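Each remark here refers to the structure printed beneath this line.
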Amino acid sequence: MTDKLMMSEFKQAGFISFGIFLFLISIIPPVNISVDGNSMFWVGVNLVTQQSFESSSLLGAIGVGGKYYSIWYPLLSLIEIPFIACGFLVAKLMHLEAYKINIALVFCFLLQTLLVTFTSFFFFLVLKKINFNFKNSFLLTLGLVFGTYYLVYVRSLFADCLLTFIVTASIYLILCGRSILSIGILSLLAILAKPTGIFLGPVISLYLIIEKKYSWQKKIIPLLGTIVGFVLYGYYNYIRFGSMLNFGSRPSLSLFYFPVGIIKHVLAPGYGIFWFNPVLFLAPFGLYLWLKKPCKDFKFFLMLASVFFGIYCFWPAAGWDWGSRHLLVILPVLFIFIGKMLETKFKKLYLILIFIGFIIHLPTIFSFYERYYFEAAHTTVSVKEIHWNPKHSPIIRVWPSSMHQIRDALKTDVKGLIQKSVYREKERSFEESLSLKLVALWWWVLPGVGLPRGVGIFIFLCLILGSYLILRKTYRVGIKNENSSY
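Residue numbers for the sequence shown follow the working numbering, so the first one is 55 and each next one is one higher.
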């Protein structure tokens, strides 16, 4: 890697995101726990095997023709198709067809890893576009991935990583001041990724109107993209449930919940985004600095964060989440706010908070955070208590539960367990949750398919070392280039 190669911001972003990618693929889990993710995964499986939008009977709702369909979102299932097909092909070539579903699942985790990798790529470019120096851009990009619950949700099959990628890519294209058609396409995809993505296109169009960018015809392209996306989503609903407006479940938005929602999403001891991502305590102070001296696109950042934060504050429902998962989509914008603090004397505090964040999420690399929810349910501790009572907060309780999972994993024979663990029973029974008795890393289950665990551990360590070396070299050369340019 030469200095000349590092002169381009695109190459800098590429090396940084590749270093992140190597680390993230080293911690891919062998199974997925969430009902949402498994339901969308089975849609992808059925599209590959049967060319049907059906899901598993355990993971769907009864729809057209008495068949079972996922109540979740179409885009992730569609994007998973080539990854599932590759998983099936690898299983066939390795004579492991009995485990083809499990291998396809791991390939879908690779997709999640790629989504986060490309999000970090575009996020670095966004930071450079708004004139952050290389060092601060580097630290913010790594902090976004390694110091927040991004590290947790990249190891799941929720649709939030997909929506976050779409939003971050849209921000970059807006800052570039071109490719309005691409922005329209992303606005279309946003609603297919997750229904709350319906707000992306209108927010972009409103911003373009306020800032008087582009002609009137171009200003409405993001809005038109959203409308087309809504129609396509309606068609997906029609295929599943016989009505364009039947999403399979009713939205539970409540105007009266808004004040409580603000507190819950921000500061609830077992759910608030600030506790699970302590670096975000710097965001309000960074926002204040931005307000004193805003950049020309600051209004756009503020509009995006406000809309996506606001809509979820009306939503009282919350499940087995590691922090306020739905706010993952605004993390890049919040880190832009935090970036102002790095231009002051608070850079060391930022690094300390990022390190604390990494330690908070560390147990979830070796275990599934859902293990604690299973244990809590087994002892009649409610989800409400977990979210609001500090002594039941997952941040604290995940440590003993992760030790329990590792203890059980050491006593569990992975042979015969793998195929069962891909199925997610609706009943949240601790005894039936076989996947919570595994170490939550891909190499742990290798003996189950006849491969030595030691080889997997060696690859795991090599990937982490490679990630470190690439990121260290990129940082050193980037700093050198930046200093030589002055």
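Each residue gets a CB set at the ideal place from its N, CA and C atoms; glycine is no exception. Computed from a prediction, not measured in an experiment: that's the story for all the values here.
- Looking at Leu278, Pro370, Arg232, the one whose alpha-carbon comes closest to that of Leu243 is Leu278.
- Within 10 angstroms of the beta-carbon of Leu130 lie 16 or more other beta-carbons, which makes it buried.
- By the Cβ test, the stretch 132-146 is not in contact with the stretch 108-115, since fewer than three Cβ pairs between them sit closer than 8 Å.
- Secondary structure note for Met148: it is in no alpha helix (DSSP H), with a DSSP letter that is neither H nor E.
- Annotated as proximal: Gly532 and Phe188, with beta-carbon spacing under 8 Å.
- Unbroken alpha helix (DSSP H) runs of no fewer than 4 residues, entirely contained in the stretch 100-142, are not found.
- Following the DSSP letters along the chain, one finds Tyr311 in no alpha helix (DSSP H), marked with neither H nor E.
- Excluding residues up to 5 positions away in sequence, Ile524 lie with their Cβ nearer than 7 Å to the Cβ of Phe72 in the same chain.
- The closest CA to that of Ile317, considering only Ser308, Ile327, Ile70, is found on Ile327.
- For the stretch 246-299, the continuous alpha helix (DSSP H) assignments of 4+ residues that do not extend past its boundaries occur at 254-265, 270-273, 275-295, in sequence order.
- The C-beta of Ser80 has 16 or more other C-beta atoms within 10 Å across all chains shown, which makes the residue buried.
- The distance from the Cβ of Leu517 to that of Leu165 is about 17 Å, inconsistent with a contact at the 8 Å cut-off.
- Cα atoms of Gly373 and Asn535: separation of roughly 47 Å, rounded to the nearest angstrom.
- Around the Cβ of Arg526, a 10 Å sphere holds fewer than 16 other Cβ atoms; the residue is exposed.
- Membership of Leu216 in the alpha helix (DSSP H) is indicated by the continuous run 214-230.
- Within the stretch 318-383, the complete alpha helix (DSSP H) segments of 4 residues or longer fall at 327-330, 337-346, 352-367, listed in chain order.
- Between Phe362 and Phe253 a beta carbon distance of about 7 Å is seen, short of the 8 Å cut, so the two are scored as contacting.
- Per DSSP, Ser80 is one residue of the alpha helix (DSSP H) stretching across 63-80.
- The Cβ atoms of Tyr226 and Phe176 sit closer than 8 Å to each other.
- Shown here, Ile87 sits in coil according to DSSP, grouped into three states, outside any helix or strand.
- Secondary structure of Thr434 (DSSP, three-state): coil.
- With respect to the C-alpha of Phe163, the residue from Gly114, Glu63, Arg209 having the closest C-alpha is Arg209.
- No Cβ-Cβ contact shorter than 8 Å links Phe420 with Leu490.
- One thing to note: Gly324 has its Cβ no nearer than 8 Å to the Cβ of His149.
- Contact check for Gly201 and Val383: beta-carbon distance about 17 Å, past the 8 Å limit, so the pair fails to qualify.
- For Phe200, the secondary structure class from DSSP, reduced to helix, strand or coil, is helix.
- Per the Cβ contact rule, the stretch 409-418 is not in contact with the stretch 218-237 (fewer than 3 Cβ pairs under 8 Å).
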